[in-house]
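Residue numbers (the numbering used here): 2 to 346.
Ideal placement from N, C-alpha and C gives every residue a C-beta, glycine not left out.
None of these values were measured; they are calculated from a predicted model.
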């Protein structure tokens, strides 16, 4: 059975990545794609790379009635917009998969990190947090999915085996992460200009970045109690990729690098999209794939545990992860239609 899906907000980078991935999905067919800012434009006018699969696709203006009866709708909308759209379509479609931040956190945490009151708090509990490796049971039990952010995905997958067994202290965790510029989206902004980004690395959102709340939410779920993280993101002059470097204090004695690598391999043994590497992860190795590469080290000299995670921010950090979660909700094998091998060079 082929499931009919729509994409609301298809002209951004995550929307285009959804179109690319779904073109090769044997069980999902895109029948509706909107882009209010580009309504009437051909998809190939914005993304010539889509021509082989979507030569006739034209972006429409959003109409809630147009999604009636669809099996699933992906939302690739700016922050704050999904909570306006979801109440209008939730009962019209089988499943909603929101790639934005609006339904990822409880209402109180949303207010804390986003500085505003949520517009549809009564709907949040209808969404499962779509980091499938850590929330599989929750996602499978929900009808709708809130796909996690890119930084939380790389960071949480890097740290999860450590917090799951209480191997590190739950406070004092430090995450420093770098991201390619596509994470900032397709909108025009001075900070996204080539002249501003080339040969330039900059930290941003110091102490207050919104993804801090998501990292703490994911790791707290795994740990079974509160986790506190100091998170600092950086923009670097590359198009795709996230590399998260995480440090923490051991909570038990006798940890070794070899022992922790074995623990990571056991923890992720049944996960098709997590690769535990002896070597430091590389963003290039995950390019175009729905795969996270992680590793771990123990530094006895400083008494520190070091974990690293690399992903493609547009695939495992956004659209690929969203498709993986929908596969689970629909009862399909999670890897269906998703690439697991990156592109090098």
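Query	Result
Please name the residue, chosen from 12, 335 and 344, that lies closest to residue 28 on a Cα-to-Cα basis.	335
Taking a contact to mean a Cβ-Cβ separation below 9 Å, would you say residue 128 touches residue 97 in this structure?	yes
Would you decide whether residue 321 is buried or exposed? Buried here means 16 or more other CB atoms lie within 10 Å of its CB.	buried
From the DSSP output, which residues share a beta bridge with residue 251?	169
What do you reckon, are the CB atoms on residue 248 and residue 295 nearer than 9 Å?	no
Which partner residues of residue 128 appear in the DSSP bridge assignment?	145
Assuming residue 181 contacts residue 13 under a Cβ cut-off of 8 Å, what Cβ separation, rounded to an integer in Å, is found between them?	With a Cβ gap of about 15 Å, residue 181 and residue 13 do not count as contacting.
Can you give me the Cβ contacts of residue 140 inside the same chain, cut-off strictly under 8 Å, excluding the 5 residues immediately before and after it?	129, 130, 131, 133, 146, 326, 329 and 330
In the DSSP assignment, the beta strand (DSSP E) including residue 234 goes from what residue to what residue?	230 to 236
Measuring CA to CA, which of 9, 166 and 48 is closest to residue 90?	9
For residue 269, count neighbouring Cβ atoms within 10 angstroms of its own Cβ and tell me buried if that reaches 16, exposed if not.	buried
Would you check if there are 3 or more beta carbon pairs closer than 8 Å linking the region 195 to 207 to the region 252 to 260?	no
Is there contact between the region 281 to 298 and the region 307 to 317, where contact requires at least three CB pairs shorter than 8 Å?	yes
For the alpha helix (DSSP H) containing residue 264, list its first residue and its last residue.	258 to 268
Could you work out which residue in 170, 36, 65 and 77 is closest to residue 230 when comparing CA atoms only?	170
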